[in-house]
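**Student:**
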Amino acid sequence: MNRIFATLALSLFAAPGFAQDFIHYKFDSTCTNEVINYATGPQALGANGTLQSNSTISPWTSGTFGGALAGGANAAPTYYNRVVTGWNPSTQPVTGALTMAWFMRQRPGSTLNTSLSYLSGAPTGGFRLFTNGIAGRGLYQREIFPSGGNGNNAPRDFVLPVANADIQTLAATNWVHVAIVIDPATSTADWYVNGTSVLQITGVPGASITLAGPFMLGAYTTAATGAGSLYDMDEFLMSFRAYTPGEILALSLAPQAGDGDYTSGTSTQCGSLALASSGGRPFLGNTGYALEVTPAAPSFYAILFGLNRCTYAGVFPLPLDGGLLAPIATGCQVLTDNLLNVGGLANGPTAQPFAIPTGSGFAGLGLYSQAVAIDLSSLAVSASNGFVIGIGN
20 MNRIFATLAL
30 SLFAAPGFAQ
40 DFIHYKFDST
50 CTNEVINYAT
60 GPQALGANGT
70 LQSNSTISPW
80 TSGTFGGALA
90 GGANAAPTYY
100 NRVVTGWNPS
110 TQPVTGALTM
120 AWFMRQRPGS
130 TLNTSLSYLS
140 GAPTGGFRLF
150 TNGIAGRGLY
160 QREIFPSGGN
170 GNNAPRDFVL
180 PVANADIQTL
190 AATNWVHVAI
200 VIDPATSTAD
210 WYVNGTSVLQ
220 ITGVPGASIT
230 LAGPFMLGAY
240 TTAATGAGSL
250 YDMDEFLMSF
260 RAYTPGEILA
270 LSLAPQAGDG
280 DYTSGTSTQC
290 GSLALASSGG
300 RPFLGNTGYA
310 LEVTPAAPSF
320 YAILFGLNRC
330 TYAGVFPLPL
340 DGGLLAPIAT
350 GCQVLTDNLL
360 NVGGLANGPT
370 AQPFAIPTGS
380 GFAGLGLYSQ
390 AVAIDLSSLA
400 VSASNGFVIG
410 IGN
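So for the sequence shown, this note's numbering puts the first residue at 20; every next one is plus one.
#1: Starting from the Cα of residue 370, find the closest Cα among 390, 129, 131 and give me that residue.
#2: If I follow the unbroken alpha helix (DSSP H) through residue 187, where does it start and stop?
#3: Span of the alpha helix (DSSP H) holding residue 267?
#4: Give every residue of the same chain whose Cβ lies closer than 7 Å to the Cβ of residue 177, excluding the five residues on either side of it in the sequence, and list them in chain order.
#5: Smallest Cα separation from residue 340: which of 108, 355, 82?
#6: On a CA-only basis, which of 43, 143, 127, 331 is nearest residue 102? Give me that one, please.
#7: Beta strand (DSSP E) containing residue 40: first to last residue?
#8: Mind the definition here: the segment 209 to 226 touches the segment 104 to 118 only if three or more C-beta pairs lie below 8 Å; say whether that holds.
#9: Going by Cα to Cα distance, which pick from 373, 368, 300 is closest to residue 361?
#10: Residue 391 bridges to which residues according to DSSP?
#11: Using DSSP's beta-bridge definition, name the partner residues of residue 212.
#12: For residue 294 versus residue 206, is the C-beta spacing smaller than 8 Å?
#13: Only counting runs of 3 or more residues, tell me where the beta strand (DSSP E) segments fall wholly within the segment 74 to 148, in order along the chain.
#14: Could you tell me the alpha carbon to alpha carbon distance between residue 67 and residue 281, rounded to whole angstroms?
#15: Assess, as a yes-or-no matter, whether the segment 393 to 410 is touched by the segment 288 to 303 under the definition of 3 or more beta carbon pairs within less than 8 Å.
#16: When the Cα atoms are used, what is the spatial distance from residue 76 to residue 248?
#17: Which residues in the same chain as residue 195 place their Cβ atom closer than 8 Å to its Cβ, once the five residues preceding and following it in sequence are excluded?
What follows is the structure, encoded as structure tokens:
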């Protein structure tokens, strides 16, 4: 285990930077309530999500690619599993192009009833997505347009009728991929199911979401009595760009690449070391992808990589105090396992090349990482935030 400190002593569909994703959850860190946002680019929501659950069983389940958010129960005994995103549309409104995509599956062992099942939404003003009720066995997205919708309740709504897709039957036993794409350039809005457009409406000026948040998944309100969703959810993605039909098909077939930090801030690490990325998303074949370390002074550094953020060496729960590995690191929190590491000398922001392989077998691979450094003059140790790399398309 002291090898960490020994080291210290010594596109397929988009080009890098093209992504304009806002939220992208893979739900893979199943040992924590922090839900990592894998969205990349300048429009990505800065904060990670927070899991809230009153379930007596795990709020996580197996997904299409890795983990997934487990559905709740809206019949006795009721419980919810919800992710609060930190996005408040009233202060960060959406106007114009929009893509929302996700996998959904009826929670295994649950029994459908006629109660509304809310997949997502915000608590005030009506912006919410549900099945049952006026949605029937389809889906109903309320308050997403300024005008031009096809809803029974208002021209601001966007409905997927059962005649176009019986979502409840499709999701009864298998994962189904659903997407909403709103494109003001063509004045169209499409519902996609399993990569194919099943309904398009025209005359839509674009999305308009300005209602009070926070936006959440698995429910639409944080009230203790708020109804939740019966459906497991995976690979939720939201973008301020209208994805093309080819990109939606790709989302339905393979995981989207992304990366993001976790356990950020000086309260859980030591020093001021930062770890981030450059070169766009870590998509298959991206030879320009790199990790960037930023020490405050000339330092030896190492970047640690592991396959999980839950345990170190499969035994010690993470995070753990670095002093358990080497006395010099006392007070520094270790945030990832260490199956391999790379390092060097850094004097200011330094890029560590990390070319992404082309093989399709790497799609869905998640690598958790953290940088550690020793100041060459003071020998003080710094440890960065955690950073996850989700390889995909």
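Note that the Cβ used here is the ideal one computed from N, Cα and C, for glycine as well.
**Tutor:** Taking the definition as stated:
#1: 390
#2: 186 to 189
#3: 264 to 272
#4: 160, 163, 164, 168, 169, 170, 199, 208
#5: 355
#6: 43
#7: 40 to 44
#8: yes
#9: 373
#10: 321, 402
#11: 197, 215
#12: no
#13: 79 to 81, 86 to 88, 100 to 103, 113 to 115, 117 to 125, 136 to 140
#14: 8 Å
#15: yes
#16: 15 Å
#17: 122, 123, 124, 186, 189, 212, 213
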